[in-house]
Every structure is written in structure tokens, then in C-alpha cells.
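Visitor: Just so you know, the sequences run in chain order P and H.
So in UniProt numbering, the last spot in the first sequence is 341, and the numbers never skip.
So in UniProt numbering, the last spot in the second sequence is 341, and the numbers never skip.
Even for Gly, the Cβ is constructed at its ideal location relative to N, Cα and C.
2 protein chains.
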Amino acid sequence: MNKMKLCILGFGAVGQGLAKVILMKHDELIERYGLDLIITAISDSSGAAINNDGLDAQKALDVKDETGKISEYPEYGIKGIDGIEVLQKADYDCLVEVTPTNIEDGEPTQSNILKAMNDKKDVVTSNKGPLALNFKELIQTAQKNGVKFRFEASVGGTMPVINLGREALAGNKIHSVQGILNGTTNYILSRMANEGTEYEPTLKEAQELGIAETNPYQDVEGLDAACKIVIIANSLMGWDVTLDDVSLHGISDISSNAIKLAQEDGYLIKLVAEAKDGKLTVAPMLVKEGSPFAVNGTLNVITLKTDLSEDVTVVGVGAGSIETASAILSDIISIGKRNSE
Amino acid sequence: MNKMKLCILGFGAVGQGLAKVILMKHDELIERYGLDLIITAISDSSGAAINNDGLDAQKALDVKDETGKISEYPEYGIKGIDGIEVLQKADYDCLVEVTPTNIEDGEPTQSNILKAMNDKKDVVTSNKGPLALNFKELIQTAQKNGVKFRFEASVGGTMPVINLGREALAGNKIHSVQGILNGTTNYILSRMANEGTEYEPTLKEAQELGIAETNPYQDVEGLDAACKIVIIANSLMGWDVTLDDVSLHGISDISSNAIKLAQEDGYLIKLVAEAKDGKLTVAPMLVKEGSPFAVNGTLNVITLKTDLSEDVTVVGVGAGSIETASAILSDIISIGKRNSE
Numbered sequence: 001m002n003k004m005k006l007c008i009l010g011f012g013a014v015g016q017g018l019a020k021v022i023l024m025k026h027d028e029l030i031e032r033y034g035l036d037l038i039i040t041a042i043s044d045s046s047g048a049a050i051n052n053d054g055l056d057a058q059k060a061l062d063v064k065d066e067t068g069k070i071s072e073y074p075e076y077g078i079k080g081i082d083g084i085e086v087l088q089k090a091d092y093d094c095l096v097e098v099t100p101t102n103i104e105d106g107e108p109t110q111s112n113i114l115k116a117m118n119d120k121k122d123v124v125t126s127n128k129g130p131l132a133l134n135f136k137e138l139i140q141t142a143q144k145n146g147v148k149f150r151f152e153a154s155v156g157g158t159m160p161v162i163n164l165g166r167e168a169l170a171g172n173k174i175h176s177v178q179g180i181l182n183g184t185t186n187y188i189l190s191r192m193a194n195e196g197t198e199y200e201p202t203l204k205e206a207q208e209l210g211i212a213e214t215n216p217y218q219d220v221e222g223l224d225a226a227c228k229i230v231i232i233a234n235s236l237m238g239w240d241v242t243l244d245d246v247s248l249h250g251i252s253d254i255s256s257n258a259i260k261l262a263q264e265d266g267y268l269i270k271l272v273a274e275a276k277d278g279k280l281t282v283a284p285m286l287v288k289e290g291s292p293f294a295v296n297g298t299l300n301v302i303t304l305k306t307d308l309s310e311d312v313t314v315v316g317v318g319a320g321s322i323e324t325a326s327a328i329l330s331d332i333i334s335i336g337k338r339n340s341e
Numbered sequence: 001m002n003k004m005k006l007c008i009l010g011f012g013a014v015g016q017g018l019a020k021v022i023l024m025k026h027d028e029l030i031e032r033y034g035l036d037l038i039i040t041a042i043s044d045s046s047g048a049a050i051n052n053d054g055l056d057a058q059k060a061l062d063v064k065d066e067t068g069k070i071s072e073y074p075e076y077g078i079k080g081i082d083g084i085e086v087l088q089k090a091d092y093d094c095l096v097e098v099t100p101t102n103i104e105d106g107e108p109t110q111s112n113i114l115k116a117m118n119d120k121k122d123v124v125t126s127n128k129g130p131l132a133l134n135f136k137e138l139i140q141t142a143q144k145n146g147v148k149f150r151f152e153a154s155v156g157g158t159m160p161v162i163n164l165g166r167e168a169l170a171g172n173k174i175h176s177v178q179g180i181l182n183g184t185t186n187y188i189l190s191r192m193a194n195e196g197t198e199y200e201p202t203l204k205e206a207q208e209l210g211i212a213e214t215n216p217y218q219d220v221e222g223l224d225a226a227c228k229i230v231i232i233a234n235s236l237m238g239w240d241v242t243l244d245d246v247s248l249h250g251i252s253d254i255s256s257n258a259i260k261l262a263q264e265d266g267y268l269i270k271l272v273a274e275a276k277d278g279k280l281t282v283a284p285m286l287v288k289e290g291s292p293f294a295v296n297g298t299l300n301v302i303t304l305k306t307d308l309s310e311d312v313t314v315v316g317v318g319a320g321s322i323e324t325a326s327a328i329l330s331d332i333i334s335i336g337k338r339n340s341e
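Okay, structure coming up:
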């Protein structure tokens, strides 16, 4: 049996999703992989709960649900403590960093991840910020310390593209990558195409449904997709790029008329992210109806063009807290399995 | 550096594809994974070539090309030796079993694989026969001996579904699987749909193009797809089934008229393999145009329905010697990496 102690920094939708998934799967993981997951610390903006013998995930979810603050966790709650302090106090094997994404300077995620790595801890994150801004330092720090670093959940929710490229297609060179990597914009463009509506009211509707965020800037201007293509290019293609290297064009100036004209020729307009010939692009592009890229709604799709395996395409749900937590769990299992082999 | 000695049994399209891929990638694999692949033995129906210091892959390909017989390999060729004898003589870490598929009794592949496992060697195979007939014994023998056993190439060419389900979606329960798993039948049905031709002449044309085999029985009657869905159900869903458990219906009685009627309603007819509710089926089914299953030509597609990640779909090229060799190479790398970790 391999006991693996987790420190979860961030207890929003993804962190809570992970706690739920661990509750749901705890016994199954012992049975299938001999992997006993124990949550020893959880933090949010109010502070943290730390118990090196293990927190009760259900109690943590209940406390968060009732009070909004993990620091209200009975007996083990600590108010006002920050991520670095939690990492100092907690006994853990693997940091799960799921604090909100910051694409300005990647903090506090970046400092949290670097500290954990330098303390010889494995790290799993869903956080695009530091990966899109500072990939190289993170990878080198992980290598220097001999720790594992996984970030499947940072790219495209349940579409397991990083592990696909790294494990299942190991031995292939990936020449280029093209994908629809943002569910919100794909939802908006799909609705505009299917119902002939204009951009502004469609965005509003998506916000009312909780599909678009109140501040939709990062999604609709293509920044979210840009972060993801940067992470893919760095991790699967060996590039050394950051968010600044992406040529960026969002969807806010797409008219229903442009979509209609495209449809008359058998095309759809999609926000496509591309890493090809040394260049990174996120821009609205024409996609043939009936092609794998004509996916509707919040689906994501990505095609890897390889040297040995030709094109391999994956389609999956782009977002959702359980879906993202599932990608994190796969990373945790992968680390746990290797450490026990 | 991790030296890994390979014994390749079978030197047809897949075995030769693997030799080519290893030639192409040898130095890159050392650089990327610290993995030095050395081929110590290659067999075909004429005999084998064995050199425990390493054969020259280019020379092996040339000899095979010129004489049709690997046993003509200068100095190290041995005539008339069979697989089991090769395994006795050769020094190797990993057996690559790529002899022709036999879905009657799985031999000689099955005996070769079992001997290697009992000799504590890892095994990679592309051979569906023993996996579809006798999965449990193979898995149990691998476990008993503590060796690794991989078979990505046995299912759907470059569509990395086994590793996707086992690694990238680890932690998910796979409820059901549906796929187009045979490229030949998909090619025939696509041509019939696109050109309004009948089954017999379309099959003939596919045979002339080398897409369908001279004896197309296993493809067109659904046996090939049936083997694959059995392997998927056993390995990803924990079922304990064999080829006999598949309800089977091929494509030879599909008329161009039936396809035309389906098209009028916006559907295509595809040979779909399914593992669902405890039942295995391979049969022509209606697939909506514009859905991920409406793939054309020799493409394969598979959808895994999971508990945490909803539907994950992969599309890839179904066949081809380099493509299949690429799947084998990924398995070899995965074993090599783990053994060195």
C-alpha cells in the first residue's frame, strides 16, 4: 500500500471537485492501484485546515459550503495563513495547486509550486498562469529536485492531451498542434451559428447560464486558449515560449453575418489555437462542417500531427469542476503508481 | 542509460515497420529517454537471426528485402528455428511478438508470450489472437512473474486507446465503449456512401488498392473489430470475455440502397463495435452525419463513456505498418522508462 499525502492549495470549484472525487474514489483507488490518498491540508483565501493525520474531506466540503471558509474547519482550522506557510506546516508528498489563475505574474501559484519542488515534493496543478509565463523554470526546478510535475488539468479539461502526447504517443515527434481549446467561446460561436444571434446577446445568455464568466475577457479575447497552446507547445513539442509569443485575436468582433456567409460555403467559424512552423496563433478560423473540428457547445478538440502516427485527434468536455478534478486525479495516480513501482 | 534488448518474433509488415522506426529513432530515444534499444533477435517463418551484441536493423531489412528470409542474415542467420527456440537462444529484456494473427487458437503467439513471461521478460504485442481468446491467462501470467505486458498496437493502430484509458483517464470508471475499429470496412462503407457503388465491386477495388486483404473474411464479417472490442472490454473495463461472447454481424449484406435511404435521413451506416451493459456487439449501425463517428476512409474512432470525464473520443489512422510500429514503440518506451525510474 502506498500512502500519499496531499496538500491542496485552493478550495474553489476545482479544489472542491477534487475533494468530492477523492471521497467518491478513495476505496476504489486502494483496490485498483494500492494507492491510499490522504488530504493533510486544504487552503483558501481565509486560511487553511491542516491535520497531518488526514482531514475529513466530507467535513471540509461541509464547512466550506456552510461558512465559505476552510479555516472554520473544527479543531484544525487556521485563520489568515497563506500558501507558503501551509507548505511549511503541512506534512505532504504532493502539492495540488488549484488557486485561481493569474496570467499577469503567475503568483501566488508560482512561488507555491517552486517551494514545494525545492522541498522535494511532487506537484500537480491545473493553473495555467505560471505554466504559460514561466514553463522552463518550473520544469528545470522539478528536474533539479528529482520530483514529478504534472499539469494535465491546465489544458482542456477532460481532453487528456498532455498525457496522450507524452505517454501514449511517446516516440512520436509532434510537428504541429491545432485545437479548439476554450469551451466558452466555442459555446458562443456554436449558438451564434445555430440560432443566427449576434455576439453581445449570446455572450449575455452564456453568462446567465454560468458558461461564461462575469468578466469574460480572458475567454473571449483568446487569452485562455493562448495559455493552453503555450503549455502544449512547451511540453509536447519542446518549444520555449510564453504567452507573449502568441499572435492573438478574439471573437468579440465576429458578426452573425460573417458566420452566415461561412455557413453558406459549408464552413463554421471557430476560435482555433495553433502551434505550427515555430508560430503560435489564436484566431477565428474557418472549419469545414462535418470535420472533427466542427464540434458544438463547450466541447474541446485537438489534433496532434505526428511523424509516425499521422493525425491523432481527441475530443472531450472542456471544463467543469468534476471533469477538471478528474484530470488532476489521473495525474495524482500516475505519480502514486510510479513512486510505488 | 538504460539498455533494452529486444527480441522481435515476426518480420512481416509490422516487424519491418518496427525495425525502420527503431533505425529512425534510435539516437533520439537515447537523448529523450536515455533508452538504448538493441535488437538481439529477429525471426520469421524461415528461421531467425540472433546476435546477443545486437543485430544491424538496416542489414536485417536489406536481407529480408532481397531474399525474403531473415535466416539469410550473414554470420548470425539460423535456418528453421522456431519462436520458442529463438527465445531460448536469445539474450533479451523484452519480447516483441508480431507474428501473424491467429484467431483460431492464438498460436504460436500465445506460447511465445507465455514462455517469455515465465522467463521474467516483458512483452509487447500487436497480435489480437491470444488477447481475444485468452486474455485472463496472459494478464495473470504477467502479474505472477512481475513483468510488464503491453498491447496498444492490437487495437486500432495509432489510436492510443488502451494507454489513454489506463493512464490518461486513470481514476475514471469506463461505463461503455463504442467505436469504429476496422479501417477496411470503414473504407468500403465510406466509398459506397460517397459513390453509390455496391458492396462487391467496392470490396474488389479496396483489394486492388491493398486496403482489403485477399481474404477479407475477418474484416468484412466483423471478426477483426470483435477481437478489438474484446481486448478493450477486458483491459479497460475489467470484463472477462472472449471472442465467443461477441454478437457479430458483418457488412457483406449492406446494399447501396440501404446506405442511400439512411443518407436521406442524415445518417451513415458504419460497422460499430460496442461494449455496453455487459454485452459485446459488432454490427452495422446508423451514425449521424456530422457526428464524430461520421469518419471517412480508413480512420478509426472510439468513444469512452466515463464516470468523471463524460465522453472522451479519439480519432486516428487505423492501420499501416509504420503507424502500428509507432504504437509498439510507445509501449516499449513506456516499459523502458518505468524500468529505469
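1) Given a threshold of 16 other Cβ atoms within 10 Å of its Cβ, counted over all protein chains shown, does Thr99(P) qualify as buried or as exposed?
2) Go through its chain and collect everything with a Cβ distance to Ala58(H)'s Cβ below 7 Å, but skip five positions before and after it.
3) Which residues in the same chain have their Cβ closer than 8 Å to the Cβ of Met159(H), if we skip the five residues on either side of it in sequence?
4) Using CA coordinates, which residue listed in Glu195(H), Glu97(H), Asp36(H) and Ala13(H) is at the minimum distance from Arg150(H)?
5) Run the CB neighbour count on Lys288(H), radius 10 Å, all protein chains shown included, and call it buried at 16 or more, exposed below.
6) Can you tell me the Cβ-Cβ gap for Ser326(P) and Gly171(H), rounded? I've got them flagged as a contact below 8 Å.
7) Quick one: using the 10 Å Cβ neighbour count with 16 as the cut-off for buried, is Arg338(H) buried or exposed?
8) Against Gly316(P), what residues of chain H qualify as contacts under a CB-to-CB distance less than 9 Å, listed in chain order?
9) What are the uninterrupted segments assigned as alpha helix (DSSP H) that are 4 or more residues long and contained completely in the stretch 43-128 of chain P, given in chain order?
10) Leaving out five residues on either side along the sequence, give the residues of the same chain with a beta carbon under 7 Å from the beta carbon of Cys227(H).
11) Can you find a CB in chain B that lies within less than 8 Å of the CB of Leu138(H)?
12) Kindly list, in the order they appear in chain P, the residues whose Cβ is closer than 9 Å to that of Asn234(H).
13) Which bits of chain H does Gly34(P) rub up against, with CB to CB less than 7 Å?
14) Tell me which residue opens and which closes the beta strand (DSSP E) that Gly157(H) is part of.
15) Using DSSP's beta-bridge definition, name the partner residues of Lys305(H).
16) Go through the stretch 245-333 of chain P residue by residue and report every complete run of the alpha helix (DSSP H) that reaches 4 residues or more, in order.
17) Straight-line CA distance for Ser247(P) to Trp239(P)?
18) How should Glu198(H) be labelled, buried or exposed, when 16 other C-beta atoms within 10 angstroms of its C-beta is the threshold for buried?
19) Would you check if there are 3 or more beta carbon pairs closer than 8 Å linking the stretch 5-19 of chain P to the stretch 79-97 of chain P?
20) In chain P, which residues lie with their C-beta within 9 Å of the C-beta of Met285(H)?
21) Tell me which residues share the same chain as Gly250(H) and place their Cβ nearer than 7 Å to its Cβ, disregarding the 5 neighbours each side in the sequence.
22) What residue does the alpha helix (DSSP H) around Ile231(P) start on, and which one ends it?
23) At a Cβ threshold of 8 Å, is Thr141(P) touching chain H?
24) Within its chain, find whatever has a CB closer than 7 Å to the CB of Thr185(H); leave out the 5 residues flanking it on each side and keep chain order.
25) Does chain H have any CB closer than 8 Å to the CB of Val230(P)?
26) Relative to the C-alpha of Gln178(P), which residue among Glu205(P), Ala294(P) and Lys20(P) is closest?
27) Of all the options Pro284(H), Lys279(H) and Gly196(H), which has the alpha carbon lying nearest to the alpha carbon of Lys260(H)?
28) Taking a cut of 9 Å between CB atoms, which residues from the stretch 261-290 of chain P lie near chain H?
29) Any residues in the stretch 174-186 of chain H with a beta carbon nearer than 8 Å to a beta carbon of chain P? Which ones, in chain order?
30) So Thr281(H) packs on His175(H), CB below 8 Å; how close in whole Å?
31) Along the chain, where does the alpha helix (DSSP H) that runs through Met1(P) open and close?
32) Could you name the residues of chain P that Thr197(H) contacts, counting a contact when the two beta carbons are closer than 8 Å?
33) Which class does Leu169(H) belong to by DSSP, given the choice of helix, strand or coil?
34) Can you tell which of Gln263(P), Val14(P), Lys279(P) and Val147(P) has the C-alpha that lies nearest to the C-alpha of Gly290(P)?
35) Beta-carbon of Leu223(P) versus every beta-carbon of chain H: anything under 8 Å?
36) Following the continuous alpha helix (DSSP H) through Asp219(P), name the residue where it begins and the one where it ends.
Guide: Walking through what the data contain:
1) When all chains shown are included, Thr99(P) counts as buried.
2) Before going on, a small fix: residue 58(H) reads as Gln here, not Ala. These residues qualify, in order along the chain: Leu23.
3) Excluding sequence positions up to five before and after Met159(H), its CB lies within less than 8 Å of the CB of Asn300, Val301, Ile302, Val314, Val315, Gly316, Val317 and Gly318, all in the same chain and listed in chain order.
4) Closest by alpha carbon: Glu97(H).
5) Its Cβ having fewer than 16 others within 10 Å, Lys288(H) is exposed.
6) Sure, about 6 Å apart at Cβ, within 8 Å.
7) Around the beta carbon of Arg338(H), a 10 Å sphere encloses fewer than 16 other beta carbons of the protein chains shown; the residue is thus reported as exposed.
8) Chain H residues near Gly316(P): Ser309, Glu310, Asp311, Val312 and Thr313.
9) Listed in chain order, the complete alpha helix (DSSP H) runs (minimum 4 residues) inside the stretch 43-128 of chain P are 57-67, 83-89 and 109-118.
10) Apart from the 5 residues on each side of it in sequence, Cys227(H) sits with its Cβ closer than 7 Å to the Cβ of Ile103, Lys128, Ala132 and Leu243 in its chain, given in chain order.
11) In the displayed structure, chain B is absent; the protein chains listed are P and H.
12) Ordered by position in chain P, no residue passes the 9 Å Cβ test against Asn234(H), which lies about 15 Å from the chain.
13) None at all; the shortest Cβ gap to chain H is about 13 Å.
14) It is not in any beta strand (DSSP E) - Gly157(H) carries neither H nor E in the DSSP assignment.
15) According to DSSP, which records beta bridges pairwise, Lys305(H) is partnered with Ser176(H) and Asp311(H).
16) Fully enclosed alpha helix (DSSP H) runs of 4 or longer: 256-264.
17) So the two alpha carbons sit approximately 16 Å from each other.
18) Counting Cβ neighbours within 10 Å, Glu198(H) comes out exposed, since fewer than 16 surround it.
19) Look at the beta carbons and you see the stretch 5-19 of chain P touching the stretch 79-97 of chain P: at least three pairs across the two are nearer than 8 Å.
20) Annotation: Met285(H) has no Cβ neighbours in chain P at a cutoff of 9 Å; minimum Cβ distance is about 19 Å.
21) Apart from the 5 residues on each side of it in sequence, Gly250(H) sits with its Cβ closer than 7 Å to the Cβ of Val220, Glu221 and Gly222 in its chain, given in chain order.
22) Taken as a continuous stretch (DSSP letters only), the alpha helix (DSSP H) holding Ile231(P) covers Leu223 to Met237.
23) No, no contact with chain H.
24) Result list for Thr185(H): Asp219, Val220, Ile251 and Leu271, in chain order.
25) Closer than 8 Å: no.
26) Minimum Cα distance to Gln178(P) is reached at Ala294(P).
27) That would be Gly196(H), whose Cα lies nearest to the Cα of Lys260(H).
28) Residues of the stretch 261-290 of chain P with a C-beta atom less than 9 Å from some C-beta of chain H are Glu289 and Gly290, listed in chain order.
29) Of all residues in the stretch 174-186 of chain H, none has a Cβ within less than 8 Å of some Cβ in chain P.
30) Contact doesn't hold; Cβ gap of about 15 Å is too wide.
31) That residue, Met1(P), is in no alpha helix (DSSP H); it is neither H nor E in DSSP.
32) For Thr197(H), no chain P residue has a Cβ inside 8 Å of its Cβ, as the nearest lies near 21 Å away.
33) Residue state, collapsed to three classes: coil.
34) It is Gln263(P) whose Cα lies nearest to the Cα of Gly290(P).
35) Not closer than 8 Å to any Cβ of chain H, the Cβ of Leu223(P) fails to qualify, so no.
36) In the DSSP assignment, Asp219(P) falls within the alpha helix (DSSP H) that extends over Tyr217 to Val220.
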